[in-house]
Amino acid sequence: MKQTTEQKKGKKSITIIELLVSMGIIAVLAGMMSLNVNPSEFLRQSRDAQRISDVKNLDINISRVKFSSKTFSLGQPNIIYLSLVDTSVTCSNLNLPEPPTGYSYHCVTASDLNNVDGTGWLPIDFSETGLLAGMAVLPTDPVNSADSGFYYLYSVDGESDYTVVASSLESDKYDIAGDKDQTSTDGGEDDYAYEKKESDFDGETDNNIVVNTNVNHLDNSYSPGWDTNLNGFQKPSYGFSWGYNDSVPNPSIGYHGHVSADCGVGHSGCVEFIDKNTQYGHPHRLQEIYQTWQNPGIVFGWRTGTVVRVKFMAQTDDKSKTPRFGLFHWSNNQGAYIFDTDIVSKTVPNKKKWEKITHEFTVTSDWETDAHDITLYLYGNDGEEGTLWLDNIQVEYLNP
Numbered sequence: 058m059k060q061t062t063e064q065k066k067g068k069k070s071i072t073i074i075e076l077l078v079s080m081g082i083i084a085v086l087a088g089m090m091s092l093n094v095n096p097s098e099f100l101r102q103s104r105d106a107q108r109i110s111d112v113k114n115l116d117i118n119i120s121r122v123k124f125s126s127k128t129f130s131l132g133q134p135n136i137i138y139l140s141l142v143d144t145s146v147t148c149s150n151l152n153l154p155e156p157p158t159g160y161s162y163h164c165v166t167a168s169d170l171n172n173v174d175g176t177g178w179l180p181i182d183f184s185e186t187g188l189l190a191g192m193a194v195l196p197t198d199p200v201n202s203a204d205s206g207f208y209y210l211y212s213v214d215g216e217s218d219y220t221v222v223a224s225s226l227e228s229d230k231y232d233i234a235g236d237k238d239q240t241s242t243d244g245g246e247d248d249y250a251y252e253k254k255e256s257d258f259d260g261e262t263d264n265n266i267v268v269n270t271n272v273n274h275l276d277n278s279y280s281p282g283w284d285t286n287l288n289g290f291q292k293p294s295y296g297f298s299w300g301y302n303d304s305v306p307n308p309s310i311g312y313h314g315h316v317s318a319d320c321g322v323g324h325s326g327c328v329e330f331i332d333k334n335t336q337y338g339h340p341h342r343l344q345e346i347y348q349t350w351q352n353p354g355i356v357f358g359w360r361t362g363t364v365v366r367v368k369f370m371a372q373t374d375d376k377s378k379t380p381r382f383g384l385f386h387w388s389n390n391q392g393a394y395i396f397d398t399d400i401v402s403k404t405v406p407n408k409k410k411w412e413k414i415t416h417e418f419t420v421t422s423d424w425e426t427d428a429h430d431i432t433l434y435l436y437g438n439d440g441e442e443g444t445l446w447l448d449n450i451q452v453e454y455l456n457p
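Note that our numbering has the sequence shown beginning at 58, numbered continuously upward.
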C-alpha cells in the first residue's frame with residue numbers, strides 16, 4: 058500500500074524529534090563524561106580553595122590580635138610552627154626536611170592541635186581580642202601530613218612581622234602554571250607555596266586593624282534608662298565603645314551611638330546614630346563610637362609618609378546626615394588630632410541603600426615616641442539632624 062503525503066510527513070516529523078531527543082541525551086552524557094574526565098583535579102581544586110581561605114582567615118585574625126591587644130605574643134622567632142601532630146615538640150618523629158640554619162620546628166599533640174588559646178599549633182592567644190572572625194577552631198590543611206608535604210606553617214621574625222603559609226597547592230588551576238595562579242602572585246618569597254605576610258597591603262581586609270569590623274557583637278547592659286526610649290539597650294562591644302555628652306541635662310530621649318540589628322540584607326549588625334533634636338526639643342549632642350589601640354606597633358609605628366586608609370559602609374535617611382571620623386594620637390595625657398575630617402556622603406533617600414566610603418591620607422610628621430595610644434572616633438555630624446548607619450568599619454595602613 059502506498060503511503061499518503063500526510064502519513065509520510067508524520068513519520069518524518071517523528072523521526073526528527075526522536076533524533077533531536079537522542080542528540081540532546083548524547084550531549085548531556087558527553088557533558089557528564091567531561092566533568093568526570095579528571096575528578097581528582099576537582100578534588101585538588103576544592104582542597105586548594107580551602108587552603109587559600111584558611112590562610113587568609115589566619116592572616117586576618119593574627120593581624121587583629123597584633124593590633125588590638127595591649128599585651129600580646131606572636132610566638133618565638135627562629136621557630137617554624139607546623140599544623141602537624143607529633144609527640145615531640147620539635148617534630149623529630151616526622152622525618153621533615155632540615156629547617157633553615159638557626160631555625161627549629163614546633164609541633165603539638167592531637168588533643169591541642171586546634172586550640173585557639175595559644176596552646177594549639179599556632180602560639181597565639183586569640184581569646185585576648187574576644188573575637189575570632191571566621192574560625193571556631195584553628196584550621197589545619199585538608200590533608201595535613203608530613204609524608205604528603207601538605208600542611209600549614211607559621212613563623213615570626215624578631216620585629217614581630219609574621220608569615221603564615223600553606224606549604225603547597227596541588228591543583229593545576231591554582232598552582233604556579235595554572236590560569237588562576239595563586240602561588241607566584243601572592244607577594245611571598247616561595248613561588249610554589251601560598252603565603253600571607255603581615256606587611257601585605259592589598260586594600261581590602263588583610264591589614265585591617267579594627268576589631269569587630271562588622272559590629273556583630275553587642276552588649277545589652279546599657280544604662281541609664283532615660284536613653285533607652287529611642288536607642289534601646291544595645292551598644293557595641295568587643296573593641297568598640299560609645300560616648301555621650303554628660304554636660305547636657307538628661308533628656309527623655311538620648312542620642313549616643315548604639316547598635317541596631319535592623320540593617321538590611323548582608324548586615325547582621327550596624328552602628329546607628331539618631332538625631333531628632335527638633336522633634337524632641339533638645340540641643341544637638343555628641344554621637345559617637347570609638348576604638349582605641351594600645352599596641353606599640355601602632356602607637357609608635359606610623360611615621361612620615363605612612364599611608365592610612367579609613368573605610369566603612371554608610372547609609373542615611375532622607376536628611377542625608379554626614380558621617381565623620383577622627384584619629385587621635387594621645388600624647389602627654391592630652392588628645393591631639395592627627396587627622397579629622399567630615400566625609401560628605403551622597404544623598405541616600407531610601408533606607409537600606411548602602412554606599413562605600415573610603416578616605417586615604419598620608420601622615421606628615423613622625424608620631425611622638427611618648428604616645429599613649431591611638432583612638433578612632435566615628436560619629437554623626439552633631440550639627441545635623443537625621444539618622445546615619447555605619448558598618449564594615451576598617452582602618453589600614455602602609456608604612457613607607
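We treat Cβ as the ideally placed atom computed from N, Cα and C, and that holds for glycine.
query	result
In terms of residue numbering, what span does the beta strand (DSSP E) encompassing Ser212 cover?	Tyr209 to Val213
Quick check: the Cα distance between Tyr138 and Lys378, rounded to an integer number of angstroms?	49 Å
Name the DSSP beta bridge partners of Tyr347, please?	Ser298 and Tyr434
If you follow the beta strand (DSSP E) that Thr415 is in, where does it begin and where does it stop?	Glu412 to Thr419
Once DSSP output is grouped into helix, strand and coil, what is the label at Gln102?	helix
Counting along the chain, where does the beta strand (DSSP E) carrying Lys368 start and finish?	Val364 to Thr373
Hey, out of His163, Ile233 and Gly235, whose CA is closest to Leu151's CA?	His163
Could you give the C-beta distance for Phe385 and Leu447, rounded to a whole number, given that I count them as a contact under 8 Å?	Phe385 to Leu447, Cβ: 18 Å. No contact.
Roughly how many whole angstroms lie between the Cα atoms of Val328 and Val420?	28 Å
Taking the beta strand (DSSP E) that Phe330 falls in, what are its first and last residues?	Cys327 to Asp332
Please state the DSSP three-state secondary structure of Phe385.	strand
Ile266: which of Pro196, Ser149, Gln348 and Ser241 sits nearest, CA to CA?	Gln348
Which residues share a DSSP beta bridge with Trp446?	Glu329 and Gln372
Note the first and the last residue of the continuous beta strand (DSSP E) segment covering Leu139.	Ile136 to Val142
Determine, using beta-carbon pairs with one atom in the stretch 106-120 and one in the stretch 211-230, whether at least three such pairs fall under 8 Å.	yes
Nearest to Leu153 by alpha carbon, out of Ser97, Tyr208, Asp247 and Asp238?	Tyr208
Would you mind working out which of Asp229, Leu100, Glu98 and Ile331 sits nearest Glu442, comparing C-alpha positions?	Ile331
Within its chain, find whatever has a CB closer than 8 Å to the CB of Ser161; leave out the 5 residues flanking it on each side and keep chain order.	Asn135, Ile136, Ile137 and Thr147
If you run the structure through DSSP and keep just helix, strand and coil, what is Leu92?	Confidence at Leu92 is low in this model, with a pLDDT of 45, below 50, so the placement of that residue should be treated as unreliable; the coordinate-derived value is given next. Residue state, collapsed to three classes: helix.
Name the residue from Glu345, Val194 and Lys113 whose alpha carbon lies nearest to the alpha carbon of Gln239.	Lys113
For His416, does the count of other Cβ atoms within 10 angstroms reach 16, so buried, or fall short, so exposed?	exposed
Does the Cβ-Cβ distance between Lys230 and Glu98 come in under 9 Å?	yes
Considering only their Cβ atoms, is the gap separating Asp198 from Thr166 smaller than 9 Å?	no
Please state whether DSSP places Val173 in a helix, a strand or coil.	coil
Write down the C-beta distance between Lys410 and Gln372 rounded to the nearest angstrom, noting that I regard them as a contact closer than 8 Å.	6 Å
Under three-state DSSP, which class holds Asp182?	strand
In terms of residue numbering, what span does the beta strand (DSSP E) encompassing Ser317 cover?	His315 to Ser317
If Gly383 sits next to Tyr434, beta carbons under 8 Å apart, how far is it from one beta carbon to the other, in whole angstroms?	4 Å
Buried or exposed: which applies to Ala203, given that a residue is buried once 16 or more other Cβ atoms fall within 10 Å of its Cβ?	buried
Quick check on DSSP: helix, strand or coil for Val222?	strand
Under 9 Å, do Trp178 and Tyr211 count as touching if we go by C-beta distance?	yes
Roughly how many angstroms separate the alpha carbons of Asp214 and Ala250, rounded to a whole number?	19 Å
How many angstroms separate the CA atom of Thr432 from the CA atom of Leu141?	39 Å
Would you report the Cα separation of Asp319 and Phe297, rounded to the nearest angstrom?	19 Å
Measure the Cβ-Cβ separation of Pro180 and Gly132 and say whether it is below 9 Å.	yes
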